[in-house]
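Chains as they are written, first to last, in the working numbering: chain A, 1342 to 1536; chain B, 79 to 1035.
Read through the structure below, which is laid out as structure tokens, and then see the notes.
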């Protein structure tokens, strides 16, 4: 029983970490520090298992990644806006923000990004919720489930489009894996039927 | 990859990741270009100093929060509130975010949408009229924009453009982060950088230029700007006078004509609300006019409340013409001839206001009769095609209604190669009937903007440099009263090597679309030898941004501060306010916020211009003299924030200012010359009229200058310092060095000037004219879906009969070829940059467009609206629902989103792939008319002659 509980907590912590990782990758370009971290042996093994190749740390390579990140998420044109409002209502700051405001009262985002429905911000919050659940002695609440339905599930097609826009192998594979992760989370939350 | 395997691999990765990225607590940030003060936040750039303090605050808050709310999660709040009703697997999830699908629309809009919303005042900036607005703000979002009834000029009205403010603010393709070019200029490859990086690079470049002593090689080029003080502060502190604008593409001739008569104002304010007769030459005030909504409201009040008759002369049956009592279509560019014919007839029938003419103008009735002798209505009919009988009748009707009668124009009459003289002739009508400055007549005010009660903190000394780009010597009246500049020659002069630009900063500008000769503009912008370094400040990635080296995301007008006002139709000044209704989205910033940062980085004493504190401190100081509202007890900025505008109702409307008697104190120490001009210390202060000392007009003669010796002298560079002194207008300076290049015989009187190439048009030749729809401005609104949906295409209008003669019908495609002006070839050789073709003509460009046939167009004109034909500026402006690689754009797939009719749903996407046989009418995003327009400045003022271009037309089979 204790082992089952410990496994469950470990799983929560692991999932929290994935959310944290994607939050960072959604909000930030990859710099030399992060790339060097990804080249750490333990990390490399994980990436290899996911069939994601980490580019070498070089100035040219990092600029290529920065250009790709910009093309995918910033623009200036034909990009993939990582904002839930845009995906669901076609414009920034839709009624989605009202829901996010309610969640932000419960889960602090800790981000200075002022666009609350940025997928990266939402992933950060989800990570915090799961970390909380992992550390808590109480039974799991419905918070994670609700937040996933309201503000994470939408990202699956977003990751899909972003991955097709990517010109570097790194981003195309990482973003594809983001899509797979969200899909797997749907099954965790038993939401396979949700579109 | 099997799901179970990838799930396991994700968990392994996650366990490595958790806590690594400084999620919560004191971990080192791993963001690029980070400052060490940045904490656990994954902010996207190095924070500004204010951002740093917020990060410090959040550090403290997260530390304390971690004790009370582990991982920032207040689970008690969840369980007590939103989470209480939450049921996993229940029918409907709580929360506002409805699942997409058709059912969502049944709940829209929610009835409590505006409950609890805060009303925050502001001012629109989607055209130059700057109507007051109210933003309804709730939960940090603007939900609705409407007109502010407290705005004394716009009176609470707001046009379609203003209503589309939300499209502008929440556009999914807004620029939100600074970006730096990677690769070649114009290649379209960018990377995001921090503000600190951007400003540091810009400062390094500008500092070098400044230290070289070549400040004039830094040019600031503005499109529509309403923060004149902020721009002037920066440029003067830097020391460059190379501030370029689009004034000459807009209203240069109208302003010059007004200035010739009045000197103290370039802007006539036709008092239509109190008029009995409105004579409109080429103005489309019902759709597009600087002063649009305030003006239109007063025109309609005059017509409905006073029974004012409105007669319009316009080449095209515009919506203004269609709403008039009578419409006439003169030959393009002949409005001046019609006006002169009317003047002749008024005098011939003794219907002039002789007293006004003799007393208040610098000509006599006899002089005018002699001057106008040959400008008979019959002559005007031969020139314009307007029946002489109509000219006579309308002239007498106009005179009979005076003084409550006024002309109006801009820019159908003025954007011609003879536009300066056209508008001089039109203005003369008001002088003849004595409606000048009268209630219901042709008025003006000396306050072109804010009430002088609003004073900014001290400004730096004015810059003293000179650049041919800003002050070309070829155009005598361009900069003589005030700096109207000649924007359309900028790129040509750079190409000709007449100036060098080490740095170029563009601000809300879209020159490749809105400037004539689109290809030349792009050629110069792309050339790093001609423009070494280009910084573009804009809300969107437009055609200008595409050629930048650094792009800075600008705030919209709902996210920044200004005090602002237009020349008011109440004939007295006011103060309006533009307020940040919400925090700027993303990392967008206003120049009021980053110019001080840039100045500090440039150094060299520039920072001295920014000692006033924060932007809000600046606004407090600027507004501090706004008096107290006796009811609310609020004054200054506080009062403006509540009311949105302030007008001193104790100031009398500026009627008949010339009759103001001068008091003893003003007259002490003065001298009067033989012409009755009163001067004090050599500066004009008034004029003796009927034995009384009166203010008069602020002109050299102190009368309304029908005859202007000044413009004649300036045209040939004769000294005018005495004339300037007599006027008492301090903005006008004698600049003999700058006038050295002038050698133009500018007639002292309003005359008719024919345009050579219009006199002998071939059968397949027409005169191209341009117009604007009521839902667009020239270059900044086609990205707004609510507006683009209404007008997105601009086929060429052709008269029905003309089309029949040319074997054309509605929907046919034609090839238009445009030509440089033969008149300008002789008068302005500085413009010649293309060799003639085999036929001996200089071709500008060709373009293929469809036509629509209209009875409401002059037979020798062809008309296209501007605003269309973007090739950047968001997918809405390009009318692309699908991106180049064929994927649906986010939100454009109706299956994926619940379109509240915002940015997508572009049903007008052109699917013909350039095959004109497959093109569907009213699809696509139109054609950029400026591809055909030559650079064609009026030789006198530099006004771009948008309506004078000769084109030939060929049917495409």
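Beta carbons: idealized from backbone N, C-alpha and C, even for Gly.
Suppose you measure from the CA of residue i to the CA of residue j; what does that come to, to the nearest Å?
| i | j | result |
| --- | --- | --- |
| residue 275 of chain B | residue 904 of chain B | 50 Å |
| residue 308 of chain B | residue 953 of chain B | 32 Å |
| residue 404 of chain B | residue 388 of chain B | 7 Å |
| residue 642 of chain B | residue 700 of chain B | 11 Å |
| residue 1512 of chain A | residue 213 of chain B | 40 Å |
| residue 906 of chain B | residue 381 of chain B | 44 Å |
| residue 716 of chain B | residue 235 of chain B | 24 Å |
| residue 1530 of chain A | residue 281 of chain B | 52 Å |
| residue 719 of chain B | residue 659 of chain B | 10 Å |
| residue 989 of chain B | residue 998 of chain B | 8 Å |
| residue 417 of chain B | residue 512 of chain B | 15 Å |
| residue 313 of chain B | residue 992 of chain B | 45 Å |
| residue 1459 of chain A | residue 1034 of chain B | 50 Å |
| residue 1348 of chain A | residue 961 of chain B | 45 Å |
| residue 116 of chain B | residue 1481 of chain A | In this prediction, residue 116 of chain B scores a pLDDT of 34, lower than 50, which makes its location untrustworthy; no coordinate-derived value is stated. |
| residue 177 of chain B | residue 1429 of chain A | Confidence in residue 177 of chain B is poor, its pLDDT being 41 and thus under 50, which makes the residue's placement too unreliable to answer from. |
| residue 924 of chain B | residue 874 of chain B | 14 Å |
| residue 591 of chain B | residue 858 of chain B | 10 Å |
Taking 8 Å as the cut-off, decide whether the C-beta atoms of residue i and residue j are in contact.
| i | j | result |
| --- | --- | --- |
| residue 481 of chain B | residue 429 of chain B | no |
| residue 318 of chain B | residue 358 of chain B | no |
| residue 1453 of chain A | residue 1437 of chain A | no |
| residue 206 of chain B | residue 332 of chain B | no |
| residue 955 of chain B | residue 493 of chain B | no |
| residue 816 of chain B | residue 786 of chain B | no |
| residue 237 of chain B | residue 371 of chain B | yes |
| residue 670 of chain B | residue 305 of chain B | yes |
| residue 796 of chain B | residue 228 of chain B | no |
| residue 1484 of chain A | residue 153 of chain B | yes |
| residue 413 of chain B | residue 491 of chain B | yes |
| residue 568 of chain B | residue 374 of chain B | no |
| residue 273 of chain B | residue 665 of chain B | yes |
| residue 216 of chain B | residue 200 of chain B | no |
| residue 835 of chain B | residue 899 of chain B | yes |
Can you name the residues that DSSP bridges to residue i?
| i | result |
| --- | --- |
| residue 1480 of chain A | DSSP lists no partner for residue 1480 of chain A. |
| residue 724 of chain B | B:653 |
| residue 616 of chain B | B:631 |
| residue 927 of chain B | B:892 |
| residue 583 of chain B | B:298 and B:613 |
| residue 771 of chain B | B:766 |
| residue 489 of chain B | B:361 |
| residue 268 of chain B | B:259 |
| residue 348 of chain B | B:520 |
| residue 877 of chain B | B:932 |
Am I right that residue i and residue j are in contact with their C-beta atoms under 8 Å? What's the rounded C-beta distance?
| i | j | result |
| --- | --- | --- |
| residue 987 of chain B | residue 957 of chain B | 5 Å |
| residue 1010 of chain B | residue 846 of chain B | 7 Å |
| residue 506 of chain B | residue 828 of chain B | 5 Å |
| residue 856 of chain B | residue 865 of chain B | Wrong, their Cβ atoms sit about 13 Å apart, outside the cutoff. |
| residue 1494 of chain A | residue 164 of chain B | Not confirmed; about 15 Å, so no contact. |
| residue 526 of chain B | residue 268 of chain B | Wrong, their Cβ atoms sit about 39 Å apart, outside the cutoff. |
| residue 1025 of chain B | residue 400 of chain B | About 19 Å; that fails the 8 Å criterion. |
The region 1385 to 1403 of chain A touching the region 1459 to 1468 of chain A, judged by at least three CB pairs closer than 8 Å:
Short answer: they don't touch.
The region 1019 to 1034 of chain B in contact with the region 836 to 853 of chain B per 3-pair CB rule at 8 Å:
Yes: the two stretches touch, three or more of their Cβ pairs being nearer than 8 Å.
Would you call the region 236 to 246 of chain B and the region 863 to 882 of chain B in contact, with 3 or more CB pairs under 8 Å?
They touch, by the three-pair rule.
Is the region 606 to 622 of chain B close to the region 940 to 952 of chain B, with three or more CB pairs under 8 Å?
Yes, the region 606 to 622 of chain B is in contact with the region 940 to 952 of chain B.
Please confirm if the region 1407 to 1424 of chain A is in contact with the region 1366 to 1379 of chain A, defined as three or more CB-CB distances below 8 Å between the two stretches.
Touching, yes.
Decide if the region 334 to 350 of chain B is in contact with the region 194 to 204 of chain B; the criterion is three or more beta carbon pairs, one per stretch, under 8 Å apart.
Fewer than three beta-carbon pairs drawn from the region 334 to 350 of chain B and the region 194 to 204 of chain B are found closer than 8 Å, and the two stretches are therefore not classed as touching.
Would you check if there are 3 or more beta carbon pairs closer than 8 Å linking the region 929 to 939 of chain B to the region 877 to 897 of chain B?
The region 929 to 939 of chain B vs the region 877 to 897 of chain B: in contact.
Would you check if the region 250 to 260 of chain B and the region 622 to 642 of chain B touch, i.e. whether three or more CB-CB distances between them fall below 8 Å?
Contact annotation: the region 622 to 642 of chain B touches the region 250 to 260 of chain B, with at least three C-beta pairs closer than 8 Å.
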